[in-house]
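2 protein chains.
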Amino acid sequence: MKESRLLKLIAERSANLGPLVAIGPGDDCAGLRIAPNPSFPPALLITVDQLIQDRHFDRVTPLDLVARKAVSRSMSDIAAMAASPAWSLATGALPESMSDADADTLFTAMQSVARAFGCPLVGGDIATVPAGAPMVLTVTVAGTPHPTRGAVLRSTAQVGDALYVTGRIGGSFASGRHLTFEPLHVQAIALADTLSAGLHAMIDLSDGLGRDAARIGDASGVCLRILAPDVPLHADASPRGVLACAADGEDYQLLFTAADDGDCPAELPGGVRVTKIGRVEARTEGGPGCVIVDEAGHEHDATQLGWDHQ
Amino acid sequence: MKESRLLKLIAERSANLGPLVAIGPGDDCAGLRIAPNPSFPPALLITVDQLIQDRHFDRVTPLDLVARKAVSRSMSDIAAMAASPAWSLATGALPESMSDADADTLFTAMQSVARAFGCPLVGGDIATVPAGAPMVLTVTVAGTPHPTRGAVLRSTAQVGDALYVTGRIGGSFASGRHLTFEPLHVQAIALADTLSAGLHAMIDLSDGLGRDAARIGDASGVCLRILAPDVPLHADASPRGVLACAADGEDYQLLFTAADDGDCPAELPGGVRVTKIGRVEARTEGGPGCVIVDEAGHEHDATQLGWDHQ
Chain E
0 MKESRLLKLI
10 AERSANLGPL
20 VAIGPGDDCA
30 GLRIAPNPSF
40 PPALLITVDQ
50 LIQDRHFDRV
60 TPLDLVARKA
70 VSRSMSDIAA
80 MAASPAWSLA
90 TGALPESMSD
100 ADADTLFTAM
110 QSVARAFGCP
120 LVGGDIATVP
130 AGAPMVLTVT
140 VAGTPHPTRG
150 AVLRSTAQVG
160 DALYVTGRIG
170 GSFASGRHLT
180 FEPLHVQAIA
190 LADTLSAGLH
200 AMIDLSDGLG
210 RDAARIGDAS
220 GVCLRILAPD
230 VPLHADASPR
240 GVLACAADGE
250 DYQLLFTAAD
260 DGDCPAELPG
270 GVRVTKIGRV
280 EARTEGGPGC
290 VIVDEAGHEH
300 DATQLGWDHQ
Chain R
0 MKESRLLKLI
10 AERSANLGPL
20 VAIGPGDDCA
30 GLRIAPNPSF
40 PPALLITVDQ
50 LIQDRHFDRV
60 TPLDLVARKA
70 VSRSMSDIAA
80 MAASPAWSLA
90 TGALPESMSD
100 ADADTLFTAM
110 QSVARAFGCP
120 LVGGDIATVP
130 AGAPMVLTVT
140 VAGTPHPTRG
150 AVLRSTAQVG
160 DALYVTGRIG
170 GSFASGRHLT
180 FEPLHVQAIA
190 LADTLSAGLH
200 AMIDLSDGLG
210 RDAARIGDAS
220 GVCLRILAPD
230 VPLHADASPR
240 GVLACAADGE
250 DYQLLFTAAD
260 DGDCPAELPG
270 GVRVTKIGRV
280 EARTEGGPGC
290 VIVDEAGHEH
300 DATQLGWDHQ
């Protein structure tokens, strides 16, 4: 069972969801209108993500970091739309062998992290799975669109745009950064404040720079051309090279396209750097949504980089 | 790890969730305002529930019934607030051994059931768990409050109210009804239409008549007194008696309290019967939120009936 194939099928079958739905399956968040009037923009952006033991964290990962990652993954989708977090829901399928104290620690930490990010937990559900079965957490986060720019989609990149990434990528698992990253909602809102309508398309990097860049390319019907030497890598990951790092996943940085008019800030709140790593080109017939051009000028189809993981 | 204990702890720690939150943890749905103005009523009611293999369904349960139950459980929480369904999100932690065709069947059925209930799937997430681990599905459903009655809470039962239940209870698992029940949102809306402000408190029966009735009693600071001979039981469950049936769980009927003025309809849309099964009394110091009075006049503390399962 391939997740990406199934998600694509679901998105394809999601036509005609009714007049409340402004943004259906296939972007970082769904977008809902306040009333069934197709001329209304979305008033609520909402996303849900899962965190699964042995896959997204280990059995020895401290529970406060498990809680933090569970909330942060969904918060990163909120950031990818430049939305402001508002509230959240959480579920836990917890091994029946888990002690009361551990369950308590986990949910207290989720409440605390969610509140700190501005999306307090307002509801949820807890159930048990047999001892030994992997713990499954889900966090739903709702947010409101940027008041002037609105929701920033994957599907609105334009030929001629510059392509930017925040921070550095690569080695997120080996370094442990996948557990401690900061979701970049404040930075995304600052970008929308500064660039306004010039901020064209955005995604958060969860499955790898290559695969996620291709998602913008595919959704927008364009090709994102990434220049490998320009991609900022973490020092502990850089010996492996851009192509390896582009497949790592779980960077939770923002990748965005914007009008190439020099207005893009070089630094965002919290000292987060912005780096120009390529540009948006017209799509060639049957071509990929993203290519990475290496030091020698060879083009690599980025669609096959990254992992099949949402 | 006891689910009910942890859920209670979470609700207790959920004070001060901010001005958007009109109804926090502890009711069937959370309630969110459209703007951070404490005088606004909730505009959106939202609930999430989990469906776990080997617990809520078997490995041989047909996937279309698994999908139906996953959506229906959350829809039943929407019904318990007398809300109208609007949209939904779903997640699946699916065994990696599941075939593409089965995953497809499952999600196509979830899309179809959700659409039929008026809450189309607008987003979600899919991930894999190791073969052999239990499948975990979650469904979040959002709805809008009844336009005149508003959201019907658990905490607003009044001393002197009559206590009613829809349909019949008992034997849901043995009979297979736990897989095929109809969520009663249409009936709940009809009740709110008819009784308006006279409809005081409501809950859906997921954990057993005894335990769920006590939840209204506890939330409202009253005692629900149920007369056992008046409780309508399914024919296949009645030989086991009311006390056994009250502990069965997964009835997904509505239990509600209303002004005892004879205005309550005896039948709701779809031929769903309404039966008066008791009344709301003042709570004695330290007493339970619900007692069931048997044929011989003996009182049973209902708090200990039902199972620890949300």
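Sequence order for the protein chains is E and R.
Quick note on numbering that gives the first Met the number 0: the first sequence kicks off at 0 and runs consecutively.
Quick note on numbering that gives the first Met the number 0: the second sequence kicks off at 0 and runs consecutively.
Just so you know, even glycine gets a beta-carbon here, dropped at the ideal spot from N, CA and C.
Item: Going by CA-CA distance only, name the one from Asp260(E), Ile45(E), Lys68(E) that's closest to Phe56(E).; Value: Lys68(E)
Item: What residues from chain R crowd round Val320(E), counting only those whose CB sits closer than 7 Å?; Value: Residue 320(E) cannot be examined here, being either before or after the span of chain E that is shown, 0 to 309.
Item: The ligand SAH and Gly240(E): does the residue's C-beta get closer than 6 Å to at least one heavy atom of that ligand?; Value: Only the bare structure without any ligand can be found here, which leaves the ligand SAH out of the picture.
Item: Using C-beta distances below 6 Å, list every residue in its chain close to Gly91(R), excluding the 5 sequence neighbours before and after it, in chain order.; Value: Ile125, Leu136
Item: Starting from Ile33(E), trace the beta strand (DSSP E) in both directions and tell me its first and last residue.; Value: Premise fails: Ile33(E) is in no beta strand (DSSP E) and is neither H nor E.
Item: Which bits of chain B does Gly248(R) rub up against, with CB to CB less than 7 Å?; Value: Going by chain labels, chain B is absent from the structure shown, which instead holds the protein chains E and R.
Item: For Phe116(E), which residues of its own chain have a beta-carbon under 6 Å away from its beta-carbon, when the five flanking residues on both sides are left out?; Value: Met74, Pro84
Item: Count the C-beta pairs between the region 93-107 of chain E and the region 101-115 of chain R that are closer than 8 Å, then say yes if the count reaches three, no if not.; Value: no
Item: The alpha helix (DSSP H) spanning Asp217(E) covers which residue range?; Value: 208-219
Item: Ignore the nearest five residues each way along the sequence and tell me which others in Gln309(E)'s own chain have a CB closer than 8 Å to its CB.; Value: Since pLDDT at Gln309(E) reaches only 39, below the 50 mark, its modelled position is unreliable, and no value is offered.
Item: Indicate the three-state DSSP secondary structure (helix, strand or coil) for Ser195(E) in the structure shown.; Value: helix
Item: Decide if the region 132-151 of chain R is in contact with the region 188-198 of chain R; the criterion is three or more beta carbon pairs, one per stretch, under 8 Å apart.; Value: yes
Item: In chain order, what residues of the same chain have a beta carbon less than 7 Å from the beta carbon of Asp110(R), not counting five sequence neighbours either side?; Value: Looking at the sequence itself, residue 110(R) is Gln, so the reference to Asp does not match. Result list for Gln110(R): Leu120, in chain order.
Item: Under 7 Å, Cβ to Cβ, is there at least one residue of chain R near Phe255(E)?; Value: no
Item: Looking at the structure shown, is Cys289(R) part of a helix, part of a strand, or coil, going by DSSP?; Value: strand
Item: For Glu95(R), list the residues DSSP reports as bridge partners.; Value: For Glu95(R), which the question treats as bridged, DSSP gives no partner whatsoever.
Item: So, helix, strand or coil for Glu2(R), using DSSP?; Value: helix
Item: So which of Leu43(R), Val221(R), Gly277(R) has the shortest CA-CA distance to Pro231(R)?; Value: Gly277(R)
Item: Do we get a CB-CB distance below 7 Å when we pair Ala85(R) with the residues of chain E?; Value: yes
Item: According to the Cβ coordinates, are Cys244(R) and Ala234(R) closer than 7 Å?; Value: no
Item: Contact criterion: CB-CB distance below 7 Å. Does Leu6(R) meet it with respect to chain E?; Value: yes
Item: Cutting at 6 Å between CB atoms, please list the residues of its own chain near Gly142(R), excluding the five before and the five after it.; Value: Leu44, Ile77, Ala82, Ser83, Pro84, Ala85
Item: For Gly261(R) and Gln186(R), which I take to be in contact (beta-carbon distance under 8 Å), what is that distance rounded to the nearest angstrom?; Value: That pair is no contact at about 19 Å.
Item: Examine chain R for any beta-carbon lying closer than 7 Å to the beta-carbon of Glu11(E), and answer yes or no.; Value: no
Item: Should Asp211(E) go down as buried or exposed, given a rule of 16 or more other Cβ atoms within 10 Å for buried?; Value: buried
Item: For Asn36(R), which residues in the same chain have their Cβ closer than 8 Å to its Cβ, ignoring the five residues on either side in sequence?; Value: Pro18
Item: Would you mind sorting Gly166(E) into buried or exposed? The rule is 16 or more other CB atoms within 10 Å of its CB.; Value: buried
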